[in-house]
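A.B. asks: Using this note's numbering, read the sequence shown as starting at 3 and increasing by one per residue. Every residue, glycine too, gets a C-beta built ideally from N, C-alpha and C. Supplied in structure tokens, the structure appears directly below.
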Amino acid sequence: MAQLLITGGAGFIGSHTCLVLLEAGHQLLVLDDFSNSSAVALKRVAELAGTRLQRDQPTLIKAPDTFTLVEGDIRDAPCLDALFASAKACGQPIDAVIHFAGLKAVGESVQQPLRYWDVNVVGTQRLLSAMDQHNCRTMVFSSSATLYGYPDQVPIPETAPIQPINPYGASKHAVEELLADLAGCSGAAEPIQASGAGWRIARLRYFNPVGAHPSGRIGEDPNGIPNNLFPFITQVAVGRRPELTVFGDDWPTPDGTGVRDYIHVMDLAEGHREALHSLLSADPQLLTLNLGSGQGASVLDVVKAMEAASQRAIPYRIAPRRPGDAAITVANPALAAQQLHWRTQRSLAEICRDGWAWQQANPNGYGDGCR
Ligand code: NAD
Ligand code: WQD
Numbered sequence: 003m004a005q006l007l008i009t010g011g012a013g014f015i016g017s018h019t020c021l022v023l024l025e026a027g028h029q030l031l032v033l034d035d036f037s038n039s040s041a042v043a044l045k046r047v048a049e050l051a052g053t054r055l056q057r058d059q060p061t062l063i064k065a066p067d068t069f070t071l072v073e074g075d076i077r078d079a080p081c082l083d084a085l086f087a088s089a090k091a092c093g094q095p096i097d098a099v100i101h102f103a104g105l106k107a108v109g110e111s112v113q114q115p116l117r118y119w120d121v122n123v124v125g126t127q128r129l130l131s132a133m134d135q136h137n138c139r140t141m142v143f144s145s146s147a148t149l150y151g152y153p154d155q156v157p158i159p160e161t162a163p164i165q166p167i168n169p170y171g172a173s174k175h176a177v178e179e180l181l182a183d184l185a186g187c188s189g190a191a192e193p194i195q196a197s198g199a200g201w202r203i204a205r206l207r208y209f210n211p212v213g214a215h216p217s218g219r220i221g222e223d224p225n226g227i228p229n230n231l232f233p234f235i236t237q238v239a240v241g242r243r244p245e246l247t248v249f250g251d252d253w254p255t256p257d258g259t260g261v262r263d264y265i266h267v268m269d270l271a272e273g274h275r276e277a278l279h280s281l282l283s284a285d286p287q288l289l290t291l292n293l294g295s296g297q298g299a300s301v302l303d304v305v306k307a308m309e310a311a312s313q314r315a316i317p318y319r320i321a322p323r324r325p326g327d328a329a330i331t332v333a334n335p336a337l338a339a340q341q342l343h344w345r346t347q348r349s350l351a352e353i354c355r356d357g358w359a360w361q362q363a364n365p366n367g368y369g370d371g372c373r
């Protein structure tokens, strides 16, 4: 059992991972500023895990509690320092950090690059400094397949060229570089290196995380109009939006629509558990792993799978290609299978079944009427 700090733990991937980690017997401290999430998600995680959520201040962590929430910003160095110090003072020093907190909207990052670098890069640097000062040198980091830009080969291995094409991707790349520096692997060609620097780091490159916990109690709740395909489709199915816009049917793919590697968020959460356990049981190292299924699905494949899951028609119209899109991105997930003995278990049909259960039970997400 470890004491873990989960930054951004109230968010989409963080909330599902909190549940998996509580079920694995870990004790969690969540730090989140709720800039893109709701505390309701964490209350529901506690319900599902059969525990209670304690709210606390960074200076007043009361040990030992299984699941504690601290509202704060990863850029707030005094808050981070107080959090690490008070966890230590009450006999529960933080063993490892799972770092989800960050901004993730590609289009917004083009409009607000300074904000993206501030939260994603400066925020992570402050977090790593606090970890270093308090002798906590294990981190699982949320990286992204967005680093591969327009990939030269598919399925994409971890050794593929890193070529981010927007400020969001550039900010993830900068953090990956900082983590490699800490691990003593700067400029290394190989994605996995042992290091003498004492850091245990996993850089997990997610493909397209979607779906929800099968209970329908927690799921993805984007602010405003969803940027991403999956939440847009579930909102059309539930009647919140009239139709889907399909961005291009002239891609060089079997049906002409874009192909992606959709990964069930519970598979992804379990991947974090395995990465954490691997780091905690091994020598200092830098792991760099794709987390994807290795299977591609087109936009129209997802539409059909959601129609089958929801038993509702999903109206759509074809529009021009979206700038910045690639035709196909699919992971080569072999390295994660080899290193973590982890691979995805859940199909596109299960993704749609669970995503639909969440959307149907919570048509307005964590908002009005469903707390
Ligand atoms: P999310 O927005 O649902 O979760 C991020 C969480 O971080 C939110 O709860 C938000 O309130 C919190 N947060 C943001 N800024 C913060 C700050 N300054 N201080 C403290 N908390 C802050 O996003 P998600 O989909 O769960 O993504 C989690 C991580 O995974 C992000 O780093 C994201 O870039 C990365 N990622 C996401 C995807 C995806 O498609 N969802 C794909 C690849 C990588
Ligand atoms: C999937 C497919 C679209 C919306 C994004 C980020 C990436 C990562 C995951 C964080 C594409 C098509 C979409 C719509 C559509 N996030 N589409 N109509 O672009 O693969 O990846 O999320 O790291 O960085 O870029 O995901 O869900 O936006 O698009 O036709 O309304 O669906 O063109 O082919 P994407 P997506």
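#1: Buried or exposed, going by whether 16 or more other CB atoms sit within 10 Å of the CB of Ser188?
#2: Report the residue ranges of all beta strand (DSSP E) runs contained in full by the stretch 150 to 227; include only those spanning at least 3 residues, in chain order.
#3: Does Asp58 come out as helix, strand or coil in the three-state DSSP assignment?
#4: Looking only at DSSP bridge pairs, what is Leu82 linked to?
#5: Is Pro211 near ligand 1 - that is, is its Cβ less than 7 Å away from at least one heavy atom of it?
#6: Would you mind reading off the limits of the alpha helix (DSSP H) that contains Thr19?
#7: Please work out which residues of its chain come closer than 7 Å, Cβ to Cβ, to Pro254, disregarding the five sequence neighbours upstream and downstream, and give them in chain order.
#8: Run through DSSP, which three-state label would Cys372 get?
#9: Assuming Ile235 contacts His18 under a Cβ cut-off of 8 Å, what Cβ separation, rounded to an integer in Å, is found between them?
#10: Identify, in the order they occur along the chain, each residue of the same chain with its Cβ nearer than 8 Å to the Cβ of Gly125, setting aside the five sequence neighbours on each side.
#11: Ends of the beta strand (DSSP E) at Gln5?
#12: Does DSSP put Glu120 in a helix, a strand or coil?
#13: Would you kindly work out how many angstroms separate the C-alpha atoms of Leu246 and Ile167, rounded to a whole number?
#14: Which residues in the same chain as Gln135 place their Cβ atom closer than 8 Å to its Cβ, once the five residues preceding and following it in sequence are excluded?
#15: Between the beta-carbon of Ala239 and the beta-carbon of Trp358, is there less than 8 Å?
#16: If you scan the stretch 230 to 287 from start to end, which runs of the beta strand (DSSP E) of 3 or more residues do you find wholly inside it?
#17: Is the distance from the Cβ of Val248 to the Cβ of Val212 below 8 Å?
#18: Can you give me the C-alpha to C-alpha distance between Pro169 and Ala299, rounded to a whole angstrom?
#19: Classify Ala107 as helix, strand or coil using the three-state DSSP reduction.
#20: Let me check understanding here. Comparing Cα to Cα, which of Ala182, Leu293, Leu288 and Ser146 lies closest to Ala339?
#21: Decide if Lys64 is buried, meaning its Cβ has at least 16 other Cβ atoms within 10 Å, or exposed.
#22: Taking buried to mean at least 16 other C-beta atoms within 10 Å of its own C-beta, is Phe14 buried or exposed?
#23: Beta carbon of Val108: closer than 7 Å to some heavy atom of ligand 2?
#24: Quick one: grab the DSSP three-state call for Asp34.
#25: Does the beta-carbon distance from Gln5 to Ala132 come in below 8 Å?
C.D. replies: By the coordinates alone:
#1: Translated into positions along the sequence shown, residue 188 becomes position 186. Looking at its Cβ environment, which holds fewer than 16 other Cβ atoms inside 10 Å, Ser188 is exposed.
#2: Counting whole runs of 3 or more residues, the stretch 150 to 227 contains the beta strand (DSSP E) stretches 202 to 208 and 210 to 212.
#3: The sequence position of residue 58 within the sequence shown is 56, counting from 1. Strand, per DSSP.
#4: Reading the sequence shown from its first residue, position 80 is the one you call residue 82. Beta-bridge annotation (DSSP): Leu82 is not paired with any residue.
#5: Here the question's residue 211 lines up with position 209 in the sequence shown. In terms of side-chain proximity, the C-beta atom of Pro211 is found nearer than 7 Å to a non-hydrogen atom of ligand 1.
#6: Position 17 of the sequence shown, counting from 1, holds the residue named residue 19. From DSSP, the alpha helix (DSSP H) with Thr19 extends over Phe14 to Glu25.
#7: What you label residue 254 is simply residue 252 of the sequence shown in a count that begins at 1. Excluding residues within five positions, the ones whose Cβ falls inside 7 Å are Ala329.
#8: The residue given as residue 372 occupies position 370 in the sequence shown. Reliability fails at Cys372, whose pLDDT of 40 lies under 50, so the model's placement of it is uncertain and no value is given.
#9: Within the sequence shown, residue 235 is the residue found at index 233, counting from 1. Within the sequence shown, residue 18 is the residue found at index 16, counting from 1. Going by Cβ atoms, the distance from Ile235 to His18 rounds to 19 Å, so no, they are not a contact pair.
#10: Here residue 125 is taken as the residue at index 123 of the sequence shown, counted from 1. If we look at Gly125 and ignore the five residues flanking it on each side, its Cβ neighbours are Asp75, Ile76, Arg77, Ala103 and Gly104.
#11: The residue you call residue 5 lines up with position 3 of the sequence shown. Under the DSSP assignment, Gln5 falls in the beta strand (DSSP E) whose first and last residues are Gln5 to Thr9.
#12: As a working note, residue 120 is residue 118 in the sequence shown. Glu is not the amino acid found at residue 120; the sequence shown has Asp there. DSSP places Asp120 in helix when its eight states are reduced to three.
#13: Residue mapping note: residue 246 aligns to position 244 of the sequence shown, counting from 1. Residue mapping note: residue 167 aligns to position 165 of the sequence shown, counting from 1. For Leu246 and Ile167, the distance between alpha carbons rounds to 25 Å.
#14: Working through the sequence shown from its first residue, we reach residue 135 at position 133. Result list for Gln135: Asp83 and Phe86, in chain order.
#15: Position 237 of the sequence shown, counting from 1, holds the residue named residue 239. Position 356 of the sequence shown, counting from 1, holds the residue named residue 358. Yes; because the gap between Cβ atoms is below 8 Å, this pair is in contact.
#16: Taking 3 residues as the shortest admissible run, the stretch 230 to 287 contains the following complete beta strand (DSSP E) segments, listed from N- to C-terminal end: 246 to 249 and 264 to 266.
#17: Residue numbering aside, residue 248 sits at position 246 when the sequence shown is read from its first letter. Residue numbering aside, residue 212 sits at position 210 when the sequence shown is read from its first letter. Contact flag unset, no.
#18: Walking along the sequence shown from the start, residue 169 turns up at place 167. Walking along the sequence shown from the start, residue 299 turns up at place 297. Rounded to the nearest angstrom, the two C-alpha atoms are 26 Å apart.
#19: As a working note, residue 107 is residue 105 in the sequence shown. Coil at Ala107, not helix or strand.
#20: Here residue 339 refers to the residue found at position 337 of the sequence shown. Residue Leu293 is the option with its Cα nearest to Ala339.
#21: Locating residue 64 in the sequence shown gives position 62, counting from the first residue. With fewer than 16 other Cβ atoms within 10 Å, it is exposed.
#22: Along the sequence shown, read from residue 1 onward, the residue named residue 14 stands at position 12. Burial call: buried.
#23: By 1-based counting over the sequence shown, the position of residue 108 is 106. Checking every heavy atom of ligand 2 against the Cβ of Val108, one is found closer than 7 Å.
#24: As a position in the sequence shown, residue 34 is number 32, starting the count at 1. In this structure, Asp34 counts as strand in the three-state DSSP scheme.
#25: Position 3 of the sequence shown holds residue 5. Position 130 of the sequence shown holds residue 132. No; because the gap between Cβ atoms is not below 8 Å, this pair is not in contact.
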